[in-house]
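Here's the structure we're looking at; comments come further down.
Residue numbers (my numbering): -19 to 118.
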């Protein structure tokens, strides 16, 4: 596994959106999607998803993905890209969704009602283990 720098970890610890790209299926193009994410203590990035989504089907078929996180406009340019193997886990998905909702909706508590819907949903936790890390910063 490629090591993250302290600067990478600082960026990945912020409540920013990541763009995840998974392998396309059939004749579909790769389709990056914005997602909430969490950096783990093992320098992996994890997201949650509904188990029935095409993204989950594709990562089960080809367990690889890339994730890109960039600093927002108005800040010095910085981004980090992680590419690597993906694992899908049935455990911990709701707990991750709960943590991320509270992190990303901290200023909008009314939106936390989504957690009631997600509690009974078929969620999975997707973990990306970085095999290649690229970065840029000014």
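Backbone N, C-alpha and C define an ideal beta-carbon position, used for all residues, glycine too.
| Check | Outcome |
| --- | --- |
| In whole angstroms, what separates the C-alpha of residue -2 from that of residue 79? | 16 Å |
| Go ahead and pull the three-state DSSP assignment for residue 63. | strand |
| For residue 35, does the three-state DSSP call read helix, strand or coil? | helix |
| Taking the continuous beta strand (DSSP E) assigned at residue 76, which residues delimit it? | Here residue 76 belongs to no beta strand (DSSP E); instead the alpha helix (DSSP H) covers 73 to 84. |
| Between the alpha carbons of residue 22 and residue 110, how many angstroms are there, rounded? | 10 Å |
| Roughly how many whole angstroms lie between the Cα atoms of residue 65 and residue 102? | 22 Å |
| Between residue 58 and residue 31, what straight-line distance do the alpha-carbon atoms span, to the nearest angstrom? | 32 Å |
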